[in-house]
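These notes concern the structure reproduced below.
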Amino acid sequence: MALLEIRGLAAEVEGKPILRGVDLSLPEGEVHAIMGPNGSGKSTLAYVLAGREGYHVSAGSVRFDGEDLLAMDPEARAAAGLFLAFQYPVELPGVGNANFLRTALNAVRRARAEPEIDAMKFLKEARAALKRLSMSEEMLKRNVNVGFSGGEKKRNEIFQMALLRPRLAILDETDSGLDIDALKIVANGVNALRGEKFSALVITHYQRLLDHIVPDKVHVLSEGRIVRSGGPELALSLEESGYAGLVAEAAA
Amino acid sequence: MSAVAETIETVSAVTEGGYKWGFETEIETELAPKGLSEETIRLISARKNEPEWLLAWRLKAFAAWQSMTEPGWARVTHPAIDYQAIHYYAAPKKPAPRNLSEVDPELLRTYEKLGIPLSEQAALAGVEGSRVAVDAVFDSVSVATTFRKTLARAGVIFCPISEAVREHPELVRRYLGSVVPPGDNFFAALNSAVFTDGSFVFVPKGVRCPMELSTYFRINARSTGQFERTLIIAEDGAYVSYLEGCTAPMRDENQLHAAVVELVALNEAEIKYSTVQNWYPGDAEGRGGIFNFVTKRGACRGRKSKISWTQVETGSAITWKYPSCILQGAESVGAFYSVALTNNFQQADTGTKMLHLGPDTKSTIVSKGISAGRSNNTYRGLVRIMPRAARARNFTQCDSLLIGDRCGAHTVPYIESRNATARIEHEATTSKIAEDQLFYCRSRGLSEEDSVNLIVNGFCREVLKELPMEFAVEAQKLLALSLEGSVG
Ligand SMILES: Nc1ncnc2c1ncn2[C@@H]1O[C@H](COP(=O)(O)OP(=O)(O)O)[C@@H](O)[C@H]1O
Ligand SMILES: [Mg+2]
Numbered sequence: 001m002a003l004l005e006i007r008g009l010a011a012e013v014e015g016k017p018i019l020r021g022v023d024l025s026l027p028e029g030e031v032h033a034i035m036g037p038n039g040s041g042k043s044t045l046a047y048v049l050a051g052r053e054g055y056h057v058s059a060g061s062v063r064f065d066g067e068d069l070l071a072m073d074p075e076a077r078a079a080a081g082l083f084l085a086f087q088y089p090v091e092l093p094g095v096g097n098a099n100f101l102r103t104a105l106n107a108v109r110r111a112r113a114e115p116e117i118d119a120m121k122f123l124k125e126a127r128a129a130l131k132r133l134s135m136s137e138e139m140l141k142r143n144v145n146v147g148f149s150g151g152e153k154k155r156n157e158i159f160q161m162a163l164l165r166p167r168l169a170i171l172d173e174t175d176s177g178l179d180i181d182a183l184k185i186v187a188n189g190v191n192a193l194r195g196e197k198f199s200a201l202v203i204t205h206y207q208r209l210l211d212h213i214v215p216d217k218v219h220v221l222s223e224g225r226i227v228r229s230g231g232p233e234l235a236l237s238l239e240e241s242g243y244a245g246l247v248a249e250a251a252a
Numbered sequence: 001m002s003a004v005a006e007t008i009e010t011v012s013a014v015t016e017g018g019y020k021w022g023f024e025t026e027i028e029t030e031l032a033p034k035g036l037s038e039e040t041i042r043l044i045s046a047r048k049n050e051p052e053w054l055l056a057w058r059l060k061a062f063a064a065w066q067s068m069t070e071p072g073w074a075r076v077t078h079p080a081i082d083y084q085a086i087h088y089y090a091a092p093k094k095p096a097p098r099n100l101s102e103v104d105p106e107l108l109r110t111y112e113k114l115g116i117p118l119s120e121q122a123a124l125a126g127v128e129g130s131r132v133a134v135d136a137v138f139d140s141v142s143v144a145t146t147f148r149k150t151l152a153r154a155g156v157i158f159c160p161i162s163e164a165v166r167e168h169p170e171l172v173r174r175y176l177g178s179v180v181p182p183g184d185n186f187f188a189a190l191n192s193a194v195f196t197d198g199s200f201v202f203v204p205k206g207v208r209c210p211m212e213l214s215t216y217f218r219i220n221a222r223s224t225g226q227f228e229r230t231l232i233i234a235e236d237g238a239y240v241s242y243l244e245g246c247t248a249p250m251r252d253e254n255q256l257h258a259a260v261v262e263l264v265a266l267n268e269a270e271i272k273y274s275t276v277q278n279w280y281p282g283d284a285e286g287r288g289g290i291f292n293f294v295t296k297r298g299a300c301r302g303r304k305s306k307i308s309w310t311q312v313e314t315g316s317a318i319t320w321k322y323p324s325c326i327l328q329g330a331e332s333v334g335a336f337y338s339v340a341l342t343n344n345f346q347q348a349d350t351g352t353k354m355l356h357l358g359p360d361t362k363s364t365i366v367s368k369g370i371s372a373g374r375s376n377n378t379y380r381g382l383v384r385i386m387p388r389a390a391r392a393r394n395f396t397q398c399d400s401l402l403i404g405d406r407c408g409a410h411t412v413p414y415i416e417s418r419n420a421t422a423r424i425e426h427e428a429t430t431s432k433i434a435e436d437q438l439f440y441c442r443s444r445g446l447s448e449e450d451s452v453n454l455i456v457n458g459f460c461r462e463v464l465k466e467l468p469m470e471f472a473v474e475a476q477k478l479l480a481l482s483l484e485g486s487v488g
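Residue numbers (my numbering), protein chains in the order written: chain A, 1 to 252; chain B, 1 to 488.
So, in structure tokens, the structure goes:
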């Protein structure tokens with residue numbers, strides 16, 4: 001069985017149906033891309049998988065490593081190894097980035113019955129991760145996302161991912177608004193984790209990111225359904241023909 | 001229901017070598033009848049061997065109190081307090097718990113969460129015979145002795161105010177009531193008439209007090225809860241930081257608390273006064289809990305003097321408290337940093353008064369109110385600029401955070417300026433803990449409760465960072481504890 005099995009998933013927000021039967025199977029160790037026009041439900045899918053309140057599942061099922069993902073609290077999903085890099089990372093005034101990350105890391109470790117990590121060891125790991133990601137240590141002292149530029153917020157998400165080492169990362173348009181250097185940093189962050197024990201759903205609007213994170217598969221989401229799946233070449237052809245043709249084709 | 005329970009007076013509950021209370025044993029047997037009259041006050045004064053002037057001072061305060069009525073302007077409601085049903089001196093002792101199993105399990109659970117060792121728990125809970133344990137834990141005899149020696153060498157006086165009345169009468173007489181006059185307000189008058197003890201601190205000219213002074217280590221702090229009287233004086237160029245309270249709630253049978261704190265800062269002196277207030281807030285249904293009516297005021301008498309109040313208020317059923325600064329000296333500076341957290345049915349009406357009298361005086365107010373459950377939290381602040389306070393400046397920031405939708409937050413700022421050169425800035429925000437912040441934290445693995453704590457601590461950061469380090473850590477734990485059950 002695949003690490004993530006989504007079957008017939010339908011979800012609504014404020015009574016409005018957004019996802020209308022999503023099927024997707026992500027085997028362990030693979031990276032899949034999800035592409036689609038604005039408003040097609042990509043973020044909604046990400047939030048449903050991460051367990052956000054207000055995103056009501058009306059039909060279907062999601063299994064994560066064989067477990068019923070939808071029955072779990074958001075924090076239990078994190079402990080099970082799921083990580084969502086937010087499209088719009090949230091600011092936490094007064095909360096230091098280092099403190100936030102260590103609290104998160106230890107919460108996850110406790111849930112997994114692993115020993116907590118002390119402040120010294122944490123700092124060492126955090127500094128190493130920052131270095132790998134070509135980020136400044138200044139990052140640790142600042143308040144979570146407060147006063148960060150758009151690019152810094154996205155990189156901070158990747159930094160968190162690097163420390164939390166998820167089994168499944170969902171990246172929601174982490175590439176949007178990044179210049180090419182920042183884009184490479186993000187891609188390196190993902191590629192560094194790639195391996196048998198790491199899987200990812202990379203949500204993106206553009207083919208550009210997929211030059212750097214080469215996916216095993218590409219899915220196209222439109223109006224709450226996956227209308228097309230294929231290899232990396234699908235992303236390329238989309239780049240040329242745009243979503244319009246594809247969406248029309250699906251509707252026909 | 002009578003709003004007032006029994007008074008317990010166990011003077012000098014924790015022993016100390018060389019500390020002389022001549023009548024310690026008498027107190028346990030001699031009772032004053034319930035109620036407040038001239039006779040009660042004479043008895044208190046006589047028992048304490050007080051000089052004539054202090055008795056006269058108390059009686060004057062009592063006369064003033066009799067002509068006053070309880071203030072009704074605060075946004076708090078409570079059943080009428082029967083002042084004649086209180087023992088003002090040496091009430092009959094309720095039997096102390098004989099061991100921890102007789103102590104309220106809620107209280108023990110709190111101690112456990114705060115990481116207080118068992119032996120210390122017993123002492124805080126007032127278990128019979130537990131003073132030995134307190135000695136063992138705090139090593140109080142040696143702590144007290146070494147720290148008295150260090151202070152004495154520096155010339156700092158730090159002792160119970162009743163001792164100061166005997167040993168330093170001229171100082172007490174000069175300053176007592178000079179900041180909060182006996183007839184200042186209803187509760188201050190009551191306190192002036194019947195106060196039993198409190199702290200006295202005197203830091204002489206040019207001396208920087210070599211350590212933080214803490215009631216935690218003041219040996220008899222345990223017994224002085226109800227009508228506490230504190231007086232702190234910093235002479236020219238002196239500095240002192242004073243910590244009041246303890247994060248562990250103590251077993252306390254008193255329902256009414258009315259303390260008075262007076263601070264006096266002379267030329268270029270600085271006083272930092274930090275409080276963690278954690279009296280019993282009552283249960284989740286709003287039964288019981290302390291009524292805390294406090295008058296705290298500091299006088300910046302000297303040029304370039306500084307007074308700052310930092311408070312973390314999580315306890316009491318009712319908090320009525322406005323630590324204030326009278327900025328008299330030119331270029332004097334007042335500050336008020338406050339976190340007030342209310343949960344369940346708690347009511348807090350708290351804030352500050354900054355009275356700018358001298359030119360170039362400055363004040364800063366940072367107030368963080370957190371309301372959860374069905375509680376009500378009011379910030380009430382006055383900034384008054386007098387005609388001679390040229391170029392006075394005030395900055396006020398008042399933020400309220402709501403948890404849930406059954407609680408209330410209210411901000412009542414009064415601003416009066418009688419000098420056109422003054423500059424006053426006021427910022428206020430009210431927010432709810434945002435769903436997206438909670439979800440962000442939870443998606444990283446934090447439980448809902450831990451997420452709320454993290455967000456609340458972040459919200460209070462500007463105030464917590466004003467506290468001495470260990471106190472700040474304790475205060476964070478306390479905030480978490482006080483919020484328990486407010487989410488989910
Ligand atoms: N919180 C919300 N309340 C109401 N409508 C929403 C909400 N979130 C998303 N939607 C709607 O759901 C649809 C899909 O949105 P989204 O999942 O953000 O798409 P994408 O990420 O693909 O751009 C859009 O029509 C959007 O307006
Ligand atoms: Mg989106």
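All C-beta atoms, glycine included, are put in the ideal place defined by N, C-alpha and C.
Computed from a prediction, not measured in an experiment: that's the story for all the values here.
Paired residues, beta bridge with B:E313 - DSSP: Residue pairing by DSSP puts B:E313 in a beta bridge opposite B:Q277, B:A340.
Residues sharing a beta bridge with B:H426, DSSP: Looking at the DSSP assignment, B:H426 forms a beta bridge with B:T396.
Cutoff 8 Å: A:F100 Cβ touching any chain B Cβ: So, interface residue.
Under the three-state DSSP convention, the category B:R267 falls into: First, the residue type needs correcting, since residue 267 of chain B is Asn and not Arg in the sequence shown. B:N267 carries a coil assignment under DSSP once its states are collapsed to helix, strand and coil.
Proximal residues, the region 428–452 of chain B versus chain A, C-beta separation under 7 Å: Going along the region 428–452 of chain B in chain order, one finds E435, D436, Q437, F439, Y440, R442, S443, R444, G445, L446, S447, D450 with a Cβ nearer than 7 Å to chain A.
B:M354 in three-state terms, based on DSSP: It is a strand residue.
Reduced DSSP category for B:I161 - H, G, I as helix; E, B as strand; rest coil: It is helical.
Nearest to B:G289 (by Cα), restricted to the options B:D436, B:G298, B:N278: The candidate whose alpha carbon is nearest that of B:G289 is B:N278.
Members of the region 453–473 of chain B near chain A, C-beta cut-off 8 Å: Cβ contacts with chain A come from L454, I455, N457, G458, F459, C460, R461, E462.
A:R228: contacting residues in chain B (beta-carbon distance under 9 Å): In chain order: nothing, as chain B lies at least about 29 Å away.
Nonlocal neighbours in the same chain, by C-beta distance under 6 Å from B:L382, ignoring five residues either side: Excluding five sequence positions before and after B:L382, the CB atoms of its chain that fall closer than 6 Å to its own CB belong to K353, Y414, given in chain order.
A:N156: first and last residue of the uninterrupted alpha helix (DSSP H) it sits in: Here the alpha helix (DSSP H) through A:N156 covers 150–164.
B:K296 beta carbon near ligand 2 (any heavy atom closer than 7 Å): The beta carbon of B:K296 sits no closer than 7 Å to any heavy atom of ligand 2.
Three or more C-beta pairs below 8 Å linking the region 230–237 of chain B and the region 262–271 of chain B: When C-beta atoms of the region 230–237 of chain B are compared with those of the region 262–271 of chain B, three or more pairs fall below 8 Å, so the two segments count as touching.
Backbone secondary structure at B:M68 - three-state DSSP: The answer is coil: DSSP assigns B:M68 none of H, G, I, E or B.
Closer than 7 Å: A:S40 CB and nearest ligand 1 heavy atom: Checking every heavy atom of ligand 1 against the Cβ of A:S40, one is found closer than 7 Å.
Sequence-distant residues of the same chain with beta carbon closer than 7 Å to A:V90, five excluded per side: Around A:V90: N145.
DSSP state of A:P93 mapped onto helix, strand, coil: In the structure shown, A:P93 sits in coil (DSSP, three-state: anything other than H, G, I, E or B).
Residues bridged to A:N143 (per DSSP): Bridge partners of A:N143: A:G96.
Separation of B:G334 from B:V203, as counted between CA atoms: Looking at the two C-alpha atoms, the distance is approximately 19 Å.
Backbone secondary structure at B:F227 - three-state DSSP: Coil, per DSSP.
Residues sharing a beta bridge with A:P17, DSSP: The partner list for A:P17 (beta bridge, DSSP) reads A:E12.
Outcome for B:W309 when other beta-carbon atoms lying within 10 angstroms are tallied against a minimum of 16: Buried is the call here.
Ligand 1 heavy atom lying under 7 Å from the CB of B:V264: For ligand 1, not one heavy atom lies less than 7 Å from the Cβ of B:V264.
Host beta strand (DSSP E) of A:V190 (start-end): Annotation for A:V190: no beta strand (DSSP E) segment contains it, though the alpha helix (DSSP H) segment containing it runs 180–193.
Any alpha helix (DSSP H) of 4 or more consecutive residues that is wholly inside the region 54–80 of chain A: Listed in chain order, the complete alpha helix (DSSP H) runs (minimum 4 residues) inside the region 54–80 of chain A are 74–80.
Exposed unless 16 or more other CB atoms sit within 10 angstroms - verdict on B:G198: Result: buried.
heavy atom of ligand 1 below 7 Å from A:G258 C-beta: Examination of residue 258 of chain A is not possible in this model, given that chain A is present from 1 through 252 alone.
Residues from the region 46–65 of chain A in contact with chain B, defined by Cβ distance under 7 Å: So the close ones are A50, R52, E53.
Validate contact between the region 323–337 of chain B and the region 355–374 of chain B using beta carbons, cut 8 Å, 3 pairs: Contact between the region 323–337 of chain B and the region 355–374 of chain B is present, because at least three Cβ pairs lie under 8 Å.
Start and end residues, beta strand (DSSP E) containing B:Y489: Chain B is shown only over 1 to 488; residue 489 of chain B falls outside these bounds and no answer can be derived.
Closer than 8 Å to chain B by CB, A:Q87: No - not a single Cβ of chain B is within 8 Å of the one on A:Q87.
Identified DSSP bridge partners for B:S401: The question names Ser, but residue 401 of chain B in the sequence shown is Leu. Note: B:L401 sits in a beta bridge opposite B:I370, B:S431.
Residue-chain proximity (A:V108, chain B), Cβ-Cβ < 8 Å: A:V108 counts as touching chain B.
A:I226 beta carbon less than 8 Å from that of A:L101: In this structure, A:L101 keeps its C-beta atom at 8 Å or more from the C-beta atom of A:I226.
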